[in-house]
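In this note's numbering, the protein residues as written are 193 to 543.
Encoded as structure tokens, the structure appears first; notes follow it.
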């Protein structure tokens with residue numbers, strides 16, 4: 193666990209960084225609390241190495257070391273909350289453009305947030321005693337890693353694809369990829385949380401359903417509207433009481449939906465490389481960061497000449513500017529850097 197738990201943050205931090213690039217370009221305003229996010233990432237990277245033993249509460253560790261890891265596990269939630277808070281507040285008052293990359297970035301926020309919140313109970317040994325090795329842990333982990341990492345990755349692919357290829361991916365196929373993936377992800381992992389709270393063991397194929405305290409638990413009565421909806425899932429009989437084990441059919445069905453939902457992306461990706469709509473600009477999203485200075489399909493060294501950054505990375509909707517974005521690599525009006533005063537003429541200097 194000393195290796196595996198920091199590895200989770202190795203996966204999720206790049207996804208957060210991608211989302212942090214996609215969101216400001218699609219809300220046309222700077223990231224709120226940018227410096228706080230930088231410090232939060234640094235703290236998160238450090239704390240990732242001192243929380244791993246919360247997976248080992250049941251191995252007989254002493255009270256002192258158990259208390260230490262309970263404290264660090266709760267503390268690590270603080271920088272995570274800072275990151276999500278900054279991204280959520282950034283949306284407030286922004287001119288949101290619901291592009292395909294933005295849809296993935298927006299979906300990332302609640303999915304990662306839900307995954308993080310469901311991990312807080314596991315920080316305490318008196319709760320972990322009951323939830324350890326249940327489906328709850330699987331659901332929590334995958335809400336963080338699966339939607340978090342994968343959604344961030346897809347946001348980045350759709351966002352930087354034009355820069356890499358000089359062509360745009362098809363937005364309709366992008367929507368056909370996004371919506372089934374979003375629904376299916378929740379269809380897979382949300383039932384795990386419910387089963388875990390019921391005591392389903394993660395390492396048994398039937399979750400321990402033959403134990404009386406689990407087998408006796410009814411999820412929905414047969415007359416419930418939810419029972420009728422779930423009866424549409426292949427493998428769940430119509431007109432019967434829905435039990436905990438029946439959620440396995442829902443999860444399996446959702447996996448197939450998730451798999452099928454990737455075919456539009458695969459086709460879109462390959463087709464767009466060769467036949468996608470060509471773009472006539474190096475900056476199709478009207479973004480402000482340095483990579484958009486490079487030509488599309490950049491060659492060796494990326495940039496034609498050495499790039500110069502004249503300002504910060506997120507100069508969006510600056511008051512008094514005609515355009516709602518000012519890239520880092522462009523000088524201001526009349527060749528001036530933003531914030532730089534116009535040099536005095538000889539006559540003005542004499543006075």
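Every residue, glycine too, gets a C-beta built ideally from N, C-alpha and C.
None of these values were measured; they are calculated from a predicted model.
| request: Identify whether residue 489 lies in helix, strand or coil by the three-state DSSP scheme. | output: What you label residue 489 is simply residue 297 of the chain shown in a count that begins at 1. DSSP places residue 489 in coil when its eight states are reduced to three.
| request: Starting from the Cα of residue 394, find the closest Cα among 205, 516, 305 and 333 and give me that residue. | output: For the purposes of this step, residue 394 is taken as residue 202 along the chain shown, with counting starting at 1. Proximity to residue 394 across 205, 516, 305 and 333 peaks at 333, based on C-alpha coordinates.
| request: May I have the straight-line CA-CA distance separating residue 434 from residue 412, to the nearest angstrom? | output: Your numbering for residue 434 matches position 242 in the chain shown. Your numbering for residue 412 matches position 220 in the chain shown. Taking the straight line joining both Cα atoms gives about 5 angstroms.
| message | Taking only three categories from DSSP, how would you classify residue 503? | response | In the chain shown, the residue the question calls residue 503 occupies position 311. If DSSP states are grouped into helix, strand and coil, residue 503 belongs with coil.
| Straight-line Cα distance separating residue 370 from residue 249 | In the chain shown, the residue the question calls residue 249 occupies position 57. In the chain shown, the residue the question calls residue 370 occupies position 178. Near 38 angstroms, if we compare the C-alpha coordinates of residue 370 and residue 249.
| request: Starting from residue 336, trace the alpha helix (DSSP H) both ways and give me its first and last residue. | output: Here the question's residue 336 lines up with position 144 in the chain shown. Here the alpha helix (DSSP H) through residue 336 covers 327 to 357.
| request: Please classify residue 432: does DSSP put it in a helix, a strand, or coil? | output: Counting from 1 along the chain shown, the entry for residue 432 is found at position 240. Reduced to three states, the DSSP call for residue 432 is coil.
| Cβ contact check for the region 220 to 235 and the region 309 to 327: 3 or more pairs under 8 angstroms | no
| task | Counting only runs of 4+ residues fully inside the region 253 to 328, write out the alpha helix (DSSP H) ranges in chain order. | result | 255 to 267, 269 to 283, 292 to 311 and 317 to 323
| query | Roughly how many angstroms lie between the CA atoms of residue 237 and residue 344, to the nearest whole one? | reply | Stepping through the chain shown from its first residue, residue 237 is reached at position 45. Stepping through the chain shown from its first residue, residue 344 is reached at position 152. Cα to Cα, the separation comes out at about 18 angstroms.
| For residue 293, does the count of other Cβ atoms within 10 angstroms reach 16, so buried, or fall short, so exposed? | Reading the chain shown from its first residue, position 101 is the one you call residue 293. When all chains shown are included, residue 293 counts as buried.
| query | Is residue 215 near residue 279, with beta carbons less than 8 angstroms apart? | reply | As a first step, residue 215 is located in the chain shown; it is residue number 23 there, counting from the start. As a first step, residue 279 is located in the chain shown; it is residue number 87 there, counting from the start. It is a contact, given that the beta carbons lie within the stated cut-off.
| said: According to DSSP, is residue 412 part of a helix, a strand, or is it coil? | reply: Reading the chain shown from its first residue, position 220 is the one you call residue 412. In this structure, residue 412 counts as strand in the three-state DSSP scheme.
| request: Please determine, among 506, 429 and 317, the residue with the shortest C-alpha to C-alpha distance to residue 260. | output: Taking the first residue of the chain shown as position 1, residue 260 is located at position 68. Closest option to residue 260, Cα to Cα, is 317.
| field | Residue span of the alpha helix (DSSP H) that contains residue 444, given as start and end | value | Indexing the chain shown from 1 puts residue 444 at position 252. Unbroken alpha helix (DSSP H) run through residue 444: 439 to 452.
| request: Taking residue 289 and residue 471 to be in contact with their CB atoms under 8 angstroms, please state how far apart those CB atoms are, rounded to whole angstroms. | output: Numbered from 1 along the chain shown, position 97 holds the residue referred to as residue 289. Numbered from 1 along the chain shown, position 279 holds the residue referred to as residue 471. In fact, because the Cβ distance is near 16 angstroms, the residues do not count as touching under 8 angstroms.
| said: Using the three-state DSSP reduction, which class does residue 393 fall into: helix, strand or coil? | reply: The residue labelled residue 393 in the question sits at position 201 within the chain shown. It is a strand residue.
| In whole angstroms, what is the alpha-carbon distance linking residue 217 and residue 287? | Stepping through the chain shown from its first residue, residue 217 is reached at position 25. Stepping through the chain shown from its first residue, residue 287 is reached at position 95. C-alpha separation (whole angstroms): 10 angstroms.
| field | Length of the line joining the Cα atoms of residue 486 and residue 387 | value | Taking the chain shown and counting its residues from 1, the one referred to as residue 486 is at position 294. Taking the chain shown and counting its residues from 1, the one referred to as residue 387 is at position 195. Near 50 angstroms, if we compare the C-alpha coordinates of residue 387 and residue 486.
| message | Taking 8 angstroms as the cut-off, does the region 461 to 476 touch the region 441 to 451 (at least 3 CB pairs, one atom from each stretch)? | response | Taking 8 angstroms as the limit for Cβ pairs, the verdict is that the region 461 to 476 does not touch the region 441 to 451.
| query | What is the C-beta distance between residue 223 and residue 212, in whole angstroms, given that I count them as a contact (C-beta under 8 angstroms)? | reply | As a first step, residue 223 must be located in the chain shown, where it is residue number 31. As a first step, residue 212 must be located in the chain shown, where it is residue number 20. Yes, they are in contact, since the Cβ atoms of residue 223 and residue 212 sit about 6 angstroms apart, within 8 angstroms.
| field | Helix, strand or coil at residue 360 [DSSP, three-state] | value | Position 168 of the chain shown holds residue 360. Correct three-state label for residue 360: strand.
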